[in-house]
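Numbering (my numbering), first residue to last: 17 to 618. Virtual Cβ for every residue (Gly too), placed ideally from N, Cα, C.
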């Protein structure tokens, strides 16, 4: 059926004012559907459908849904031209079929030249003589809900279905878990797929359990009691409260900056800030780390400014690119401290030094570091005493701080520029009081001595989980942060391991597939919390090894036997990263830019 209709339809589609608007590949794959869609409006395509209705499959799918008037078209309107090269009546009377070829096999093609009536937006209609004067009103009464779309309408549903089917086929289609975390039993949750069951969550970004801390919850409740549930508008129109200003003041203190600005999410904060500043700086160039988050990539791309992408966490390559742009030209260097998927930590001091050497501003994403590192919980910059080297820092209230929203902090002028020019900030309703009250309480806790102790407990749990996974022979990607990736390399296997762990062993570990990571880099991403006990960790590792082998994935005990870097053969010491205060070695094995860490971060 498909072969029978595609050839003539493709020829028609090259000239038909309706079909020529569609991609050729779409016409190729959906010939029958297009005949069905347009046949009720175009006598030529209707004739083409009837000519090919010899196939039972075609006749039931393409012609059945056409208006019944199609069956009244006489032979003269569907046959080829008469002797002498005369065109069929249908072709003569259709403004798009002026010059139909005299050859029968070309009878289904459509002429390119349109009649003058088309240019005047007037199409002359005619009635076939065999049905002229007949009462056909009853045949034209169709259910409006089932009516065919107009000839100008694109087949949206078919297009979307094809693209979604492609994502399902390559295992990049996301299926949301029905997981309800339990505030009174962190880190547990109730999973609601099928029958309800209690599960242990190993993939939450609520790294320190702040979302269920009684003081944080009380802060949110009090804010609702005093201010209600919503902000009421944008910051400029009734949406600014004392809580907004108190939170921004506290965030500025944590990062040792003059001012801060909160957004509805850190995606919006990154996107808006990079877009706004680069557009306002005349002739600005942006230098972007190859591993940057989608929020930064979007802001950079939409700005339209010249961009230069340097290798992930590579200050030497960054310097090569910076040298090509004159020093007096405005420049922004954007990168992350802790990479969300690999767990790699950037060489912050080197990145900032190189950037400033060539007159660039630094925009540093600390989303996966705020609350988790440093005396105040300000991230890697706070931990390493480098906050003053960061011109603009972005962070989130939705991970270690256990709430929702994002923010930036920087100089008075920088923040005021974004506040005054950033559409993503100006034209959106501000954060609700409950979020502000909860976030304030969480930041107060994590910037205190209690926060220091909680971070130490968190790092101890991370070390135990990482070492246990490695000792079991699982392919842990060695990284110096709290994020523990386990390499799988196959999307189907990654999804299967995740599914079985949840359904049979009650461990929630999320598979990370494309496009979050590159193809071939599929992995499980684990994140321990201070509330994961050694018993929980041992049970997870035991069950993961069982599922890993059942799926057919190999274990590698060589990694467990060796406590040294694969490349430089020096001891791996992750505690160096987690506990250092200032100017300690750049890599876990005391070698600058350790190749193993570079490979893990690539």
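{"Query": "Buried versus exposed call for residue 10 [16 or more other C-beta atoms within 10 Å across all chains shown]", "Result": "Since the first residue shown for the chain is 17 and the last is 618, residue 10 is missing from the structure and cannot be characterised."}
{"Query": "Straight-line gap, residue 474 to residue 168 (C-alpha atoms, nearest Å)", "Result": "59 Å"}
{"Query": "Cα-Cα separation between residue 485 and residue 193, rounded to whole angstroms", "Result": "24 Å"}
{"Query": "Inter-residue Cα distance where the pair is residue 513 and residue 567", "Result": "7 Å"}
{"Query": "Contact belief for residue 204 with residue 195 at Cβ below 8 Å, rounded distance in angstroms", "Result": "With a Cβ gap of about 10 Å, residue 204 and residue 195 do not count as contacting."}
{"Query": "Cutoff 7 Å; reference residue 326; Cβ partners in own chain excluding five residues on either side", "Result": "303, 305, 306, 333, 334, 337"}
{"Query": "Residue interval of the alpha helix (DSSP H) (run including residue 501)", "Result": "Element bounds for residue 501: not the alpha helix (DSSP H) but the beta strand (DSSP E), 500–503."}
{"Query": "Collapsed DSSP secondary structure at residue 383 in the structure displayed", "Result": "coil"}
{"Query": "Proximity of residue 221 and residue 347 at Cβ, strictly below 7 Å", "Result": "no"}
{"Query": "Sheet register partners of residue 377 (DSSP bridge)", "Result": "348"}
{"Query": "Closest by C-alpha distance to residue 536, when choosing among 542, 528, 207", "Result": "528"}
{"Query": "Whole-number beta carbon distance between residue 263 and residue 456, since they are thought to touch under 8 Å", "Result": "5 Å"}
{"Query": "Residue 547 vs residue 225 beta-carbon contact at 7 Å", "Result": "yes"}
{"Query": "Contact the region 274–285 vs the region 428–443: 3+ CB pairs below 8 Å", "Result": "yes"}
{"Query": "DSSP beta-bridge partners of residue 205", "Result": "197, 215"}
{"Query": "Continuous alpha helix (DSSP H) assignments of at least 4 residues falling wholly in the region 431–489", "Result": "439–442, 449–462, 465–487"}
{"Query": "Uninterrupted alpha helix (DSSP H) stretches inside the region 243–307 (no shorter than 4 residues)", "Result": "258–270, 282–296"}
{"Query": "Separation of residue 212 from residue 367, as counted between CA atoms", "Result": "48 Å"}
{"Query": "One or two residues paired with residue 409 in a DSSP bridge", "Result": "380, 425"}
{"Query": "CB contact flag (residue 289, residue 434, <7 Å)", "Result": "yes"}
{"Query": "heavy atom of the ligand PLP below 6 Å from residue 383 C-beta", "Result": "The ligand PLP is not part of this structure, which contains no ligands at all."}
{"Query": "Run of the beta strand (DSSP E) containing residue 325, from where it starts to where it stops", "Result": "323–326"}
{"Query": "Residue of 471, 489, 342, 460 minimising C-alpha distance to residue 268", "Result": "460"}
{"Query": "Burial state of residue 496, where buried means 16 or more other Cβ atoms lie within 10 Å", "Result": "buried"}
{"Query": "Beta-carbon gap between residue 371 and residue 255 smaller than 7 Å", "Result": "no"}
{"Query": "Residue closest to residue 198, alpha-carbon to alpha-carbon, out of 374, 230, 189", "Result": "230"}
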